[in-house]
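The structure appears right after this line, and notes come after that.
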Amino acid sequence: MLFSLLRLSSIALLSVELITAYNDPVFELPHRGCYYTNWSQYRKGKARFTVEDIDPALCTYIVVAFGKIDNNSLTTLEWNDEVTFRELVGLKDEHPRLKILLSVGGWTLSQQLIAVSSTAENRRTFAISAVSNLRYWELDGLDIDWEYPDAAMKHQYSELLLELRSAFEKESRQSGQARLALAAAVHFTSDGGYDGRVLNQTLDFVNVMTYDLHGAWVKDKVGHQAPLFKGPFGAHSKESVSAVARAWEHLGVTKSKLVIGLPMYGRGWQLTDSGRHKLGSTAKGPINASNFTGEAGAWPYFEICERLRADNATYVYDENIQAEYAFTADFWIGYDDRATILAKTKWAKSSGYGGVYVWDLAQDDFLGTCGLGPFPLLGAVHEVLVGPRQWKHATRTSTTASPLTSPSTTTTPFPTIPTTQATTSTTVTTTSRSSSTTTSTTGAAITRRIQPLRQSKVPATRNTAQPRSTGQLTSKSILPKPSIGKQVCDKSFCLWTGPGSFAVGKCDVRYCDCDAGSNPYVRECIGGLVYDTVSKYCNWQENVEGCTRFSSSRN
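In this note's numbering, the protein residues as written are 4 to 558.
Listed below in structure tokens is the structure:
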């Protein structure tokens with residue numbers, strides 16, 4: 004009897020250990036995903052979009068597009084991405100269930116994914132850096148937007164996902180934190196480069212690009228880019244949102260993991276004959292680029308609604324494909340409005356899919372200039388999946404602001420994770436959109452608590468300017484070299500090393516980060532990682548030369 008009880012106790016303990024080996028991230032369901040493009044800050048006037056313009060109540064997760072991969076390591080793309088991350092994390096103050104993810108890849112940067120997935124060593128390096136940086140930035144996960152893997156890349160794409168998931172689980176077990184989320188954005192064509200079983204095994208959810216089914220690459224025929232159902236003839240008889248979703252189910256991805264993509268933009272053509280405007284009619288070519296986004300053949304919804312109102316356009320709802328288009332004399336555009344977004348979201352919900360996401364926030368009518376309030380399309384999603392929403396007060400004070408200009412930057416190794424969480428709030432100085440002077444964000448309508456970096460001594464922006472002359476000689480050639488052995492991360496150490504990240508001891512969880520002004524900052528790895536002097540990032544102990552599993556130092 005005693006043996007049986009002991010055996011049962013052992014089985015119970017084993018079961019608990021298996022269940023709690025790592026903590027899966029918890030998302031609010033159904034998904035309401037929102038992509039935030041970090042280049043929309045450079046648009047002119049009223050089209051400029053920043054974190055300040057986001058209504059976080061409308062999203063369950065926000066994906067920043069894009070980061071980049073440099074030397075097989077995850078890093079930032081824009082000069083102010085780290086500030087953006089802190090602002091996004093600050094949205095959690097009022098919306099604690101909100102998740103923030105970083106995306107890599109995209110149409111212009113997917114070559115980086117090909118390179119980083121090409122060898123086991125590259126994949127391992129990338130996975131470790133992803134864990135380290137995502138924790139450092141206090142983000143919740145990673146989105147792989149590989150556009151697009153073909154059959155030849157299928158294996159390495161799968162291996163990349165497996166490596167990332169394994170690293171995320173391992174770090175979660177060691178740190179005790181919720182596992183970092185792993186997601187992917189995938190093409191509407193599900194065959195070729197995707198192994199559905201691997202995607203289903205490794206990913207928390209899959210953002211399916213159920214749009215761009217028709218576009219300016221077909222220059223001579225008009226068509227809708229995201230019809231909900233197939234039509235009776237032509238291009239629309241082949242592809243539709245519903246058909247794409249079913250194909251991904253058949254590939255082996257669980258239905259509840261599939262998140263349906265909704266475009267916040269339309270695609271248009273110049274009509275050859277204004278009297279012939281039905282789907283499949285002939286066209287002279289794509290419409291000209293819009294005033295703000297600069298892509299021929301594609302317009303954001305906020306410009307579409309203004310143009311159609313101004314030109315007294317004719318609107319047509321096609322019952323077969325359940326999609327809308329509009330036209331004037333020679334202007335034709337297929338797009339989604341509130342009615343079609345409501346219909347698609349209701350269809351996704353009733354069909355049992357995991358939710359919907361939008362590409363992208365900055366293309367909705369976020370200022371409400373067309374008379375339907377801010378974010379009318381994303382608001383329609385909220386109405387279906389949650390219910391009537393509370394309006395966020397507009398914070399924009401001007402529509403004439405000039406675009407940001409990027410300051411000169413210096414390349415620095417990606418940072419790693421300190422163990423302590425800073426809990427103080429920070430008043431951040433920002434630039435008003437109605438003035439070139441800086442003002443403190445103290446007004447009730449625009450106040451946000453900006454999360455500081457986990458290492459409280461890190462400045463809000465890296466000082467990339469050279470230090471001013473103080474009359475002191477700072478040349479390496481005349482400074483005493485630090486003594487061999489454990490180093491002290493101080494001013495003299497940084498004067499000797501110059502800017503960058505440096506070890507302060509062998510097999511140490513701590514390291515020293517020196518900025519361009521020779522200011523020292525002590526950093527610290529977590530989750531069982533130690534600083535690797537060769538690769539210049541936090542690494543598993545067994546991968547660091549001369550470091551045994553139990554030899555790491557914190558002294």
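Ideal Cβ positions, reconstructed from N, Cα and C, are used throughout, including at glycine. Being a predicted model, the structure only gives us computed values, none of them experimental.
Asked	Found
Excluding the 5 residues preceding and the 5 following residue 324 in the sequence, name in chain order all residues of the same chain whose CB lies nearer than 8 Å to its CB.	227, 230, 231, 232, 233, 234, 239, 243 and 282
Considering only the beta carbon of each residue, do residue 355 and residue 262 sit closer than 8 Å?	no
Nearest-angstrom Cα distance between residue 192 and residue 279?	30 Å
Mind listing, in chain order, the continuous beta strand (DSSP E) runs of no fewer than 3 residues lying wholly within the region 89-121?	102-108
Tell me which same chain residues have a C-beta within less than 7 Å of the C-beta of residue 1, skipping the five on either side of it?	Nothing about residue 1 can be reported from this structure: the residues present for the chain run from 4 to 558 only.
Exposed or buried, which one is residue 213 when buried takes at least 16 other CB atoms within 10 Å?	buried
The alpha helix (DSSP H) with residue 349 in it runs from where to where?	341-354
Return the Cβ separation of residue 167 and residue 130 in integer angstroms, given the expectation that the two are a contact with Cβ distance under 8 Å.	5 Å
Among 376, 143, 504 and 122, which one has its Cα closest to the Cα of residue 89?	143
Going straight from the alpha carbon of residue 170 to that of residue 367, what length do you get?	36 Å
Locate the alpha helix (DSSP H) running through residue 202, then write down its first and last residues.	199-205
Would you decide whether residue 541 is buried or exposed? Buried here means 16 or more other CB atoms lie within 10 Å of its CB.	buried
Which residue spans inside the region 141-201 form an unbroken alpha helix (DSSP H) run of at least 4?	157-178
Taking the alpha helix (DSSP H) that residue 249 belongs to, which residues open and close that run?	244-253
Can you tell me where the alpha helix (DSSP H) with residue 494 in it begins and where it stops?	494-500
Nearest-angstrom Cα distance between residue 154 and residue 494?	53 Å
Whose C-beta lies closer than 8 Å to the C-beta of residue 298 among residues of the same chain, with five residues either side of it excluded?	292
DSSP on residue 385, reduced to helix/strand/coil?	helix
In the DSSP assignment, find the alpha helix (DSSP H) that holds residue 123 and state where it starts and stops.	123-139
Which value, in whole angstroms, describes the spacing of the CA atoms of residue 526 and residue 543?	16 Å
Assuming residue 304 is part of the alpha helix (DSSP H), what are its boundary residues?	304-313
In the structure shown, what three-state DSSP assignment does residue 214 receive?	coil
Determine the closest residue to residue 290 out of 516, 224 and 347, with distance taken between C-alpha atoms.	224
Looking only at its chain, what residues have a beta carbon closer than 7 Å to the beta carbon of residue 160, apart from the 5 residues adjacent to it on each side?	120, 149, 152 and 196
Can you tell me whether DSSP reads residue 68 as helix, strand or coil?	strand
Would you call the CB atoms of residue 186 and residue 146 closer than 8 Å?	yes
Expressed to the nearest angstrom, what Euclidean distance is found between the alpha-carbon atoms of residue 307 and residue 269?	8 Å
Per DSSP, residue 375 forms a beta bridge with which residues?	According to DSSP, which records beta bridges pairwise, residue 375 is partnered with nothing at all.
Just the C-alpha distance for residue 295 and residue 528, rounded to the nearest angstrom, thanks.	43 Å
According to DSSP, is residue 364 helix, strand or coil?	helix
Just mark residue 58 as buried or exposed, buried being the case when its beta carbon has 16 or more other beta carbons within 10 Å.	buried
Indicate the three-state DSSP secondary structure (helix, strand or coil) for residue 503 in the structure shown.	strand
Hey, how far is the Cα of residue 133 from the Cα of residue 104?	11 Å
Just mark residue 100 as buried or exposed, buried being the case when its beta carbon has 16 or more other beta carbons within 10 Å.	exposed
Below 8 Å, can you find three or more Cβ-Cβ pairs linking the region 62-77 to the region 34-50?	yes
Could you check if residue 436 is buried or exposed, using at least 16 other CB atoms within 10 Å of its CB as the buried criterion?	Note that residue 436 has pLDDT 31, beneath the 50 cutoff, so the model's placement of it is unreliable and the number below is only indicative. With 16 or more Cβ atoms within 10 Å of its Cβ, residue 436 is classed as buried.
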